[in-house]
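Using the numbering used here, the final residue of the sequence shown is 147, and nothing's skipped along the way.
For every residue, glycine included, the Cβ atom is placed at its ideal position computed from N, Cα and C.
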Amino acid sequence: MSTFLFIAIPMIAVGIILLALNFRKKNPGFLIPGCVFLASGLVNVVIGASLGV
């Protein structure tokens, strides 16, 4: 597994947790960081999958 995939897994988990907090607490302060963590985690998955190491 690539280093990008090791980094991507916790980033996606944090993004999902922040989005869940946004919908649960109705606090918009969690929305943008949650989306950023989720998007960057998905980008890391794509980079790690394309490297294939």
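Proximal residues to residue i (C-beta, below 6 Å), its chain only, five neighbours per side dropped
i           : result
residue 99  : 142
residue 118 : none
Host alpha helix (DSSP H) of residue i (start-end)
i           : result
residue 109 : 97-119
residue 122 : From DSSP, residue 122 is part of no alpha helix (DSSP H); its letter is neither H nor E.
Same chain, Cβ closer than 7 Å to residue i, neighbours up to 5 away in sequence not counted
i           : result
residue 128 : 109, 112, 113 and 116
8 Å Cβ cutoff met for residue i and residue j
i           : j           : result
residue 138 : residue 105 : yes
residue 146 : residue 102 : no
Coarse secondary structure for residue i, derived from DSSP in three states
i           : result
residue 146 : coil
heavy atom of the ligand COA below 7 Å from residue i C-beta
i           : result
residue 133 : Ligands are entirely absent from the displayed structure, and the ligand COA is therefore not among its contents.
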